[in-house]
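Visitor: One structure is given below, represented as structure tokens, and several questions about it will come after.
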Amino acid sequence: MIRYFPALVQKQLDIFLPFDEHEVIISENIFSTQKQKVSFFVQEIMQTANELNKQNSEDYANAYAAKLFHQYEALTQAVKILKLTNGNTETLLFQSSFQFPKNIHSLAPTRRLNEYRKALRALNEKISWLVEKRYNASEAEKVLFERQIQETEYRKMKCLKAIEDLEEQTQFK
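Counting in the working numbering, the sequence shown runs from 24 upward without gaps.
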């Protein structure tokens with residue numbers, strides 16, 4: 024591809040240098056983790072740029088280019104929120120009062136059903152918390168909260184489905 028492409032990307036990423044040591048939250052699944060220092064996310068973007076630069080296949084190059092674009096946009100949005108909250112990311116983290124076992128799937132069906140019901144309560148609490156945060160948020164933060172609400176609603180639907188399946192399963196035993 025372009026010989027100096029990674030250097031050009033690095034130059035664009037220099038806008039994040041003042042925030043290198045700040046932790047941000049990126050709710051999209053385009054990085055290996057959701058909460059990390061800006062410098063970590065910059066490194067991952069550079070890895071994507073280097074992978075893009077190595078590609079000979081147009082299809083792979085397009086996929087890496089799309090990923091690179093989304094990573095850059097997500098980090099830009101996270102830094103924008105960081106600026107708005109003056110570096111206080113703790114106000115954007117939900118803390119559940121429930122504790123869950125590491126591997127719910129290996130539990131006995133009745134115990135698993137109880138754990139899924141606890142998870143459903145925790146998801147409902149999180150949705151309520153997110154809706155409240157969104158109500159009091161600035162316009163830039165509202166987008167983040169809306170995305171988190173959608174993700175949590177999806178997890179809630181999966182949890183409800185698992186509860187229904189387990190109720191049927193335990194009913195027939």
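Using N, Cα and C, we set each Cβ at its ideal position, and we do this for glycine too.
Given Asn-76, which residues of its chain have a CB within under 8 Å of its CB, disregarding the five upstream and five downstream residues?
Guide: Met-24, Ile-25, Phe-28 and Pro-29
Visitor: Restricting to Cα atoms, I'd like to know which of Lys-60, Leu-31, Ile-53 and Asn-52 is closest to Leu-40.
Guide: Lys-60
Visitor: Relative to the C-alpha of Lys-58, which residue among Lys-90, Ile-38, Leu-105 and Asn-147 is closest?
Guide: Taking only the C-alpha atoms, the option nearest Lys-58 is Leu-105.
Visitor: For Val-47, count neighbouring C-beta atoms within 10 Å of its own C-beta (all shown protein chains included) and say buried if the count is 16 or more, exposed if not.
Guide: buried
Visitor: What residue range does the beta strand (DSSP E) around Lys-58 cover?
Guide: 58–60
Visitor: What are the partner residues of Glu-46, as DSSP defines its beta bridges?
Guide: Lys-60
Visitor: Pick from Glu-176, Met-180, Tyr-139 and Leu-189: whose alpha carbon is nearest that of Ile-150?
Guide: Minimum Cα-Cα distance from Ile-150 among the listed residues Glu-176, Met-180, Tyr-139 and Leu-189 corresponds to Glu-176.
Visitor: Keeping to the same chain, check which residues put their C-beta closer than 7 Å to that of Lys-90; ignore five residues upstream and five downstream.
Guide: Ile-53 and Thr-71
Visitor: State the CB to CB distance for the pair Glu-174 and Ser-55, rounded to an integer number of angstroms; the pair is presumed to be in contact (CB under 8 Å).
Guide: Not really, about 17 Å apart at Cβ, beyond 8 Å.
Visitor: Near Cys-182, what residues of its chain come up, given a Cβ to Cβ distance below 8 Å and the 5 sequence neighbours on each side ignored?
Guide: Tyr-139, Ala-142, Leu-143 and Leu-146
Visitor: Looking at C-alpha atoms only, which residue of Ile-186, Asn-79, Glu-164 and Gln-66 is the closest neighbour of Arg-135?
Guide: Taking only the C-alpha atoms, the option nearest Arg-135 is Ile-186.
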